[in-house]
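Notes follow once the structure below has been shown.
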Amino acid sequence: MFLLVISSFIILVPPFLLAVAVDEFIPLNNLTGIGILCLVLIGVGITGAFVSYLLKYWTDYIGRVIIREIRLELFIHVNRFSFGFFDETRTGDIISRIISDSQQVMNFLTNSLINLLRNVVLLIGILLIMITWNIYFFLIVLLLFPLILINLYLYVKKVTPSNRLTMEINSKLTSATHNTLGGLREVKLYAREEYVGDIFNKLNQEYYDAVKISTKYQAFYQPFIPLIVSLSTSLIILFGGLAIINGSFSIGILIASLGYFAMLTKPLSSITTFVSAANLAKIATKRIFAILDKVPKISDSAEAIELKKLDGKIEYKNVNFHYNEKNKILSNINLTIKPGEVVAFVGPSGVGKTTMLHLLPRFYDVVDGEICIDDINIKHIKLNSLRKKVGISMQDIFLFDGSIRENIVFGREDATIEQIQNAARIAQLDEFISSLPDNYDTIIGERGVKLSGGQAQRLTLARVLVTDPKILILDEPTANVDAATDERLINAVKRAMKGRSTLIIAHRLWTIYHADKIVVLRDGNIEAIGTHDDLIQNSSFYQEFFATQFSRNIGNIQKKSDKDLQGTENNRRAI
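Here it is in structure tokens:
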């Protein structure tokens with residue numbers, strides 16, 4: 001604030017020195033005095049430049065700190081939300097709030113607000129000088145404000161809706177860009193470049209139109225302030241000229257007064273810019289706090305504990321779940337899984353298999369009933385502790401842009417090279433990795449684009465195994481693996497699962513045959529529980545489901561094997 005005041009008052013010095021020169025030194029041909037004034041002006045200029053540098057440096061520094069803290073807090077807070085939040089919120093909208101909205105707030109605080117404060121100090125200084133020199137000049141300056149306030153009121157009333165619309169469309173535009181780039185392979189696969197281009201063009205045009213409206217209002221209302229200042233300047237010249245003729249005013253003071261009035265033009269003209277920035281910052285702040293004020297639905301309770309030792313007993317007790325009240329997913333689920341037991345879940349699509357497994361690590365919370373691990377309600381276990389004990393490898397693969405090593409150790413940063421290699425060996429990745437020039441340091445590209453589907457699936461499995469979980473959740477880990485690797489991987493996974501409670505969504509025959517028991521889901525209910533042999537004899541629904549779902553897989557195994565083996569070789573050469 002001190003630098004801001006100094007910077008503003010330095011600006012007031014030159015017109016005052018000009019008045020002294022015109023009234024005191026020039027009429028007397030005092031070259032010495034003029035020379036001294038010139039040196040003083042040079043000193044004032046150097047001082048002003050140095051103060052401006054310090055002010056700019058510190059405001060930019062504060063701005064960088066502000067935007068860093070806002071973005072960090074938003075990012076951390078967003079990471080606390082459960083899956084339900086992301087089911088209902090566009091990713092692009094979240095990105096827009098973290099990146100664009102925080103930038104709007106920073107721009108306002110470090111540019112618009114600082115400029116306003118500087119201009120307020122400058123205005124106060126000018127008013128003090130005017131009231132000292134001539135009361136009429138002071139009154140003329142005061143007359144400006146009602147006219148300016150009316151102008152600003154009309155401007156804000158018009159521009160606020162368009163600014164809000166601009167930010168909303170920007171979020172949609174960010175979402176569209178994120179979705180298109182994330183699904184670029186599908187876009188090209190289905191030759192839909194023109195379709196997604198039309199969507200982007202439509203949103204881009206809407207954004208352009210919204211910005212154009214805001215710009216139109218700013219362009220319309222901003223010139224009124226210079227016009228008001230010009231009219232006031234003419235009054236200054238009129239009253240000042242009459243005062244000089246009457247001998248009650250000097251030419252130097254009139255010139256200086258006109259200089260000060262000219263200084264008012266820029267800050268007063270920038271008020272509309274400030275109001276627009278303030279309006280955008282206000283909307284951005286509301287959007288930011290709409291996220292920050294939202295309380296995560298799933299969090300640690302006050303009595304939550306750390307899981308020290310885990311046997312792996314799992315119980316679903318009268319569990320009910322729905323995403324909305326009209327669409328029930330699970331109804332009255334009761335299931336006990338013994339420590340070290342391998343349980344396969346089967347059933348038609350949409351019956352709740354994945355949802356049932358997502359409830360265990362509390363990606364979602366049950367609506368009614370409870371889930372217990374070792375007789376402890378999972379709501380009474382700290383989330384981090386719970387999720388470190390539960391390893392998850394789902395069919396929807398996500399790999400980070402980095403090396404094979406970085407992706408394996410993502411869930412366990414302190415993993416030793418022996419643990420990394422052991423996880424890769426169990427996942428049948430070790431031979432493939434050894435064939436690569438950079439081995440574990442090979443970069444796999446964004447979302448693992450340089451890997452085949454089977455390699456990516458096995459890498460996610462290695463990432464799970466390196467954490468050494470007591471409970472393992474698998475959405476068919478061999479779904480994208482060729483038949484030869486499939487058999488090796490099955491045996492390796494079975495050895496690795498010894499002593500671990502394992503829940504598997506079954507899409508392949510090996511899961512059915514090797515599971516200790518099978519849970520058959522139908523319309524959100526457990527239809528039957530038992531071994532394959534028991535169910536094939538006693539459950540007509542399972543018999544029909546097995547015949548239609550799994551029998552066709554047998555004929556496709558060899559075909560898929562040939563295709564995947566060729567894909568593996570092609571990807572090895574590409575890397």
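Sequence positions in the sequence shown follow full-length UniProt numbering and run 1 to 575. Virtual Cβ for every residue (Gly too), placed ideally from N, Cα, C. Computed from a predicted model, the values in this text were never measured in an experiment.
- Here residue 198 is exposed, its C-beta having fewer than 16 other C-beta atoms within 10 Å.
- For residue 475, the enclosing beta strand (DSSP E) stretches over residues 471-475.
- In terms of CA proximity to residue 150, 224 leads the group 224, 180, 90.
- The DSSP-derived three-state label of residue 79 is helix.
- The beta carbon of residue 102 is closer than 6 Å to those of 67, 70, 71 in its chain, skipping five residues each way along the sequence.
- Counting along the chain, residue 333 sits inside the beta strand (DSSP E) bounded by residues 327-337.
- In the three-state reduction of the DSSP assignment, residue 90 falls in the coil class, being assigned neither a helical nor a strand state.
- Bounds of any beta strand (DSSP E) do not take in residue 451, whose DSSP letter is neither H nor E.
- According to DSSP, residue pairing for residue 391 in a beta bridge involves 472.
- Sequence-distant partners of residue 500 (beyond 5 residues in either direction) whose C-beta falls short of 8 Å from its own C-beta, in its chain, are 312, 340, 469, 470, 471, 472.
- Between residue 122 and the set 89, 93, 266, the nearest pair of CA atoms involves 266.
- Shown here for residue 522: same chain residues with a beta carbon closer than 7 Å to its own, the five before and five after excluded, namely 347, 351, 541 in chain order.
- Taking a 10 Å sphere around the C-beta of residue 407, we find 16 or more other C-beta atoms and assign the residue as buried.
- Under the criterion of beta carbons closer than 8 Å, residue 323 and residue 371 do not qualify as touching, at roughly 17 Å.
- Residue 76 counts as exposed, since fewer than 16 other C-beta atoms from the protein chains shown sit within 10 angstroms of its C-beta.
- The alpha carbon of residue 36 has as its nearest neighbour, out of 215, 17, 52, the alpha carbon of 17.
- The residue among 395, 431, 441 with its C-alpha nearest the C-alpha of residue 409 is 441.
- In the three-state reduction of the DSSP assignment, residue 61 falls in the helix class.
- Listed in chain order, the alpha helix (DSSP H) elements of length 4 or more contained wholly in the segment 137-212 are 184-189.
- By alpha-carbon distance to residue 112, the top candidate from 280, 510, 97 is 280.
- The continuous stretches of beta strand (DSSP E) do not include residue 533, which lies in the alpha helix (DSSP H) extending over residues 532-538.
- Counting only runs of at least 4 residues, the segment 251-316 fully encloses the following alpha helix (DSSP H) elements, listed from N- to C-terminal order: 251-269, 271-292.
- For residue 430, the uninterrupted alpha helix (DSSP H) run begins and ends at 430-434, by DSSP.
- In the structure shown, residue 507 falls within a coil segment according to DSSP collapsed to helix, strand and coil.
- Within the same chain, and ignoring the five residues on either side of residue 203 in sequence, the residues whose Cβ sits closer than 8 Å to its Cβ are 169, 172, 173, 176.
- Counting C-beta pairs with one atom in each stretch, the segment 254-274 and the segment 46-61 have fewer than three that are closer than 8 Å, which means they do not touch.
- For residue 248 and residue 136, the gap between their C-alpha atoms comes out near 13 Å.
- About 5 Å separates the Cβ atoms of residue 393 and residue 474, confirming a contact at the 8 Å cut-off.
- Boundaries of the beta strand (DSSP E) around residue 517: 517-522.
- Annotated three-state conformation of residue 381 is strand, per DSSP.
- Rounded to the nearest angstrom, the gap between the Cα atoms of residue 516 and residue 344 is 8 Å.
- Here the C-alpha atom of residue 289 lies approximately 25 Å from the C-alpha atom of residue 116.
- For residue 529, the beta-bridge partners assigned by DSSP are 519.
- Residue 282 and residue 9 have their C-alpha atoms roughly 30 Å apart.
- Taking the Cα positions, residue 418 is about 13 Å away from residue 465.
- Scanning its chain for C-beta atoms nearer than 8 Å, with the 5 sequence neighbours on each side dropped, one finds around residue 545 the residues 346, 347, 348, 520, in chain order.
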